[in-house]
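With our numbering, you'll find the sequence shown wraps up at 148, consecutive numbering, no jumps. For each residue, glycine too, the CB sits at the ideal point set by N, CA and C.
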Amino acid sequence: MSNTLIIIGGIFHLGFAVFHLFFWRLFNWKKDLASLTYINRAVMQILNLCLTFVFFVAAYISIFHSRELVATSLGNVILVSISAFWFLRLIEQIIFFGLKKRLSITLTILFFAGFVIYLFPLLFIV
Numbered sequence: 023m024s025n026t027l028i029i030i031g032g033i034f035h036l037g038f039a040v041f042h043l044f045f046w047r048l049f050n051w052k053k054d055l056a057s058l059t060y061i062n063r064a065v066m067q068i069l070n071l072c073l074t075f076v077f078f079v080a081a082y083i084s085i086f087h088s089r090e091l092v093a094t095s096l097g098n099v100i101l102v103s104i105s106a107f108w109f110l111r112l113i114e115q116i117i118f119f120g121l122k123k124r125l126s127i128t129l130t131i132l133f134f135a136g137f138v139i140y141l142f143p144l145l146f147i148v
C-alpha cells in the first residue's frame with residue numbers, strides 16, 4: 023500500500039512539473055513579467071525552473087525508488103521532507119491567496135493531498 027501511494031505521489035509530482043513548465047503561457051509571463059526589474063524577472067523564472075526540476079526529481083525518486091523511501095532512514099527523511107514541503111505550500115497558499123476563490127480552494131486541497139500522500143507511509147513504519 024505504501025509503495026503504491028508513493029508511486030501515486032510520483033505521478034502527482036509529474037503533473038506539477040508539467041504544470042510549472044506551462045507557467046509562461048498560462049500566466050502570460052512574457053507580458054506580465056516585463057513590468058518587473060531585470061533581476062526580479064530573472065529570479066521569478068529561475069525559481070520556477072528550479073522548482074520544476076525538484077518536481078521531476080521527486081517524481082523519479084517516488085516512482086523508481088518507492089521501496090527505498092519506506093525501507094531506509096534516508097528514504098524516511100526524504101518522505102518527511104516532501105510531506106513538509108507540501109504542508110508549507112498549503113500554508114503559503116492560504117496566507118498569500120486566501121480561501122475565497124474556487125481555484126485557491128482546489129489548489130489547497132491538492133497541496134493537502136501531497137502532504138498526506140508522503141506522510142501516510144511514515145505512519146506504518148515500525
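query                                                                                                   : result
Residue from Y140, I127, F49 with nearest C-alpha to V102                                               : Y140
Collapsed DSSP secondary structure at F10 in the structure displayed                                    : Past the edges of the chain, shown from 23 to 148, lies residue 10, and the structure says nothing about it.
Same chain only: Cβ atoms within 8 Å of K52, ignoring 5 sequence neighbours per side                    : W46
Residue from R124, N70, Y82 whose Cα sits closest to the Cα of F41                                      : N70
Buried or exposed by the 16-neighbour rule on C-beta atoms within 10 Å, applied to I33                  : exposed
Buried versus exposed call for L112 [16 or more other C-beta atoms within 10 Å across all chains shown] : buried
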